[in-house]
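**Q** Counting the sequence shown from 1 gives a position; our numbering is that position plus 1246. C-beta atoms are modelled at their ideal positions from N, C-alpha and C, and glycine is treated no differently. Nothing here was measured: the structure is a model prediction, and the numbers come from that model. Structure provided below as structure tokens; questions to follow.
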Amino acid sequence: MKLVRYGKPGKEKPGLIDAEGKLRDLSAVVPDIGPAQLGDAAIAKLRKIKPATLPLVRGKPRMGSPVGGVGKFIAIGLNYADHAAESNLPIPKEPIIFMKATSCIQGPDDAVMLPKGSVKSDWEVELGVVIGARARHVSQKDALNFVAGYCTINDVSEREFQIERGGTWDKGKGCDTFGPIGPWLVTRDDVPNPQKLAMWLDLNGKRVQTGSTKTMIFSVAKIVSYVSQFMTLEPGDVITTGTPPGVGMGMKPPLYLKKGDVMRLGIDGLGEQAQTVVAFKL
């Protein structure tokens, strides 16, 4: 099942994508796609609905993040060995955890704005994991049972802020517009193996990232279990799980985003995003 939120920013309505790819309105059934709608029982209830009985949404409305009310936006760094190599950093022995500000979350096709003073903004296609049930000290064996579903994420990053300005990575990861999520939240039952998903990103029509979640250093199950040892994961929390090689920082010479650039990215079965890069404005 593909769940979505559509409409103007801050006024998104819940919906689903039917088998023919058409958008159906869910607002008479649930108030939103958020923490209260992500548990197994809630998703099972939605699955029983016949999409053809739901109102068809005409036109092509803006898609928002498919998850509302995100409490934590957690990220895993250097989770692909070849990306660690292009970053000239050692392969981590344990997952590297950092946070993206929830204020950076936006729709999958909303413009990405360069931060004020940015000179090294970069792209990262990543698999997103949405938590559906409270997880505390869960085992790796049971970890996927706490997942509501999966989505495509662009972990946009300002490398100078992240690496050269001292402190943690967070300041280069949570700038406004740096968290496009969606277009869909694909429920767990429709993603039987999250470690077999092809992923890609094009910059201005040229393929720069090609990868697969099968090459993750730490699997989704390992990540969910590991993070739950350090913080309680709540329904609606989002974990973005790392990127394959091909980021701008790793190119020779490095290549960074500029006004007018267009990023298009996707993950098999989880949909595509497209963002135009715009200049900073208040």
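DSSP three-state call for Asn-1391: helix, strand or coil?
**A** It is helical.
**Q** In chain order, what residues of the same chain have a beta carbon less than 6 Å from the beta carbon of Gly-1451, not counting five sequence neighbours either side?
**A** Answer for Gly-1451: no residue qualifies.
**Q** Ignore the nearest five residues each way along the sequence and tell me which others in Pro-1338's own chain have a CB closer than 6 Å to its CB.
**A** The residues are Leu-1324.
**Q** Compare the beta carbon distance of Gly-1261 and Gly-1315 with 8 Å and say whether it is the shorter of the two.
**A** Cβ distance not < 8 Å, so Gly-1261 and Gly-1315 don't count as in contact.
**Q** State yes or no: is the C-beta of Lys-1254 within less than 8 Å of the C-beta of Asp-1271?
**A** No, they are not a contact pair.
**Q** Please report the straight-line C-alpha distance between Gly-1395 and Lys-1442, rounded to a whole angstrom.
**A** Cα to Cα, Gly-1395 sits roughly 15 Å from Lys-1442.
**Q** In whole angstroms, what is the alpha-carbon distance linking Pro-1440 and Ser-1333?
**A** Between Pro-1440 and Ser-1333, the C-alpha separation is close to 25 Å.
**Q** Under the criterion of a Cβ to heavy atom distance below 7 Å, does Pro-1440 qualify as lining the ligand SAH?
**A** With respect to the ligand SAH, the structure offers nothing, as it holds no ligand at all.
**Q** If contacts are defined as beta-carbon pairs under 8 Å, then Ile-1343 and Val-1473 qualify, I think. What distance do you get, rounded to the angstrom?
**A** With 8 Å as the limit, Ile-1343 and Val-1473 qualify as a contact, their Cβ atoms being about 6 Å apart.
**Q** Using CA atoms only, rank isn't needed, just tell me which of Asp-1368, Gly-1488, Glu-1518 is closest to Asp-1328.
**A** Ranking Asp-1368, Gly-1488, Glu-1518 by Cα distance to Asp-1328 puts Gly-1488 first.
**Q** Is Gln-1475 helix, strand or coil when you go by DSSP?
**A** In this structure, Gln-1475 counts as coil in the three-state DSSP scheme.
**Q** So what's Met-1345 in DSSP terms, helix, strand or just coil?
**A** Met-1345: strand per DSSP, three-state reduction.
**Q** On the CB-based measure, 16 or more other CB atoms within 10 Å of its CB, does Lys-1306 come out buried or exposed?
**A** By the 10 Å Cβ count, Lys-1306 comes out exposed.
**Q** Considering only the alpha carbon of each residue, which of Lys-1346, Gly-1492, Thr-1456 lies closest to Pro-1426?
**A** Here the closest residue by C-alpha is Lys-1346.
**Q** I'd like to confirm the pairing. Which residues does DSSP put opposite Glu-1372 in its beta bridges?
**A** Glu-1372 is bridged to Ile-1399.
**Q** Measure the C-alpha to C-alpha separation of Val-1371 and Ala-1520 and round it to an integer number of angstroms.
**A** Distance between the alpha carbons of Val-1371 and Ala-1520 is about 11 Å.
**Q** Select from Gly-1496, Met-1445, Asp-1388 the residue whose C-alpha is nearest the C-alpha of Ser-1471.
**A** If we check each option's Cα against that of Ser-1471, Asp-1388 comes out closest.
**Q** Of the residues Pro-1297, Ile-1469, Val-1276, Asp-1422, which one's Cα is nearest the Cα of Gln-1352?
**A** Ranking Pro-1297, Ile-1469, Val-1276, Asp-1422 by Cα distance to Gln-1352 puts Asp-1422 first.
**Q** Just to confirm, are Met-1359 and Leu-1449 a CB contact at a threshold of 8 Å?
**A** Against a cut-off of 8 Å, the Cβ pair of Leu-1449 and Met-1359 comes out as no contact.
**Q** Using DSSP's beta-bridge definition, name the partner residues of Trp-1446.
**A** Bridge partners of Trp-1446: Thr-1456, Gly-1512.
**Q** I'd like the list of long-range same chain contacts for Pro-1277, defined as Cβ closer than 8 Å, with 5 residues on each side in sequence excluded.
**A** Excluding residues within five positions, the ones whose Cβ falls inside 8 Å are Pro-1260.
**Q** Could you check the C-alpha separation between Glu-1404 and Thr-1456 for me, to the nearest Å?
**A** For Glu-1404 and Thr-1456, the distance between alpha carbons rounds to 21 Å.
**Q** On the CB-based measure, 16 or more other CB atoms within 10 Å of its CB, does Leu-1335 come out buried or exposed?
**A** Burial call: exposed.
**Q** Classify Pro-1429 as helix, strand or coil using the three-state DSSP reduction.
**A** Here Pro-1429 sits in coil by DSSP.
**Q** Just the Cα atoms here: how many angstroms apart are Ile-1513 and Thr-1461?
**A** Near 14 Å, if we compare the C-alpha coordinates of Thr-1461 and Ile-1513.
**Q** Report buried or exposed for Ser-1311, applying the criterion of at least 16 other Cβ atoms within 10 angstroms of its Cβ.
**A** Ser-1311 is buried by the Cβ-count criterion.
**Q** Unbroken alpha helix (DSSP H) runs of length 4 or more, entirely within the segment 1257–1299: which are they?
**A** List check, alpha helix (DSSP H) in window: 1286–1293.
**Q** Apply the 10 Å Cβ neighbour rule to Met-1497 and answer buried if 16 or more other Cβ atoms are within range, or exposed otherwise.
**A** Exposed, because fewer than 16 other Cβ atoms sit within 10 Å of the Cβ of Met-1497.
**Q** Who are the Cβ neighbours of Lys-1468 in its own chain at under 6 Å, not counting the five residues just before and after it?
**A** Within the same chain, Lys-1468 has close Cβ partners Gln-1386.
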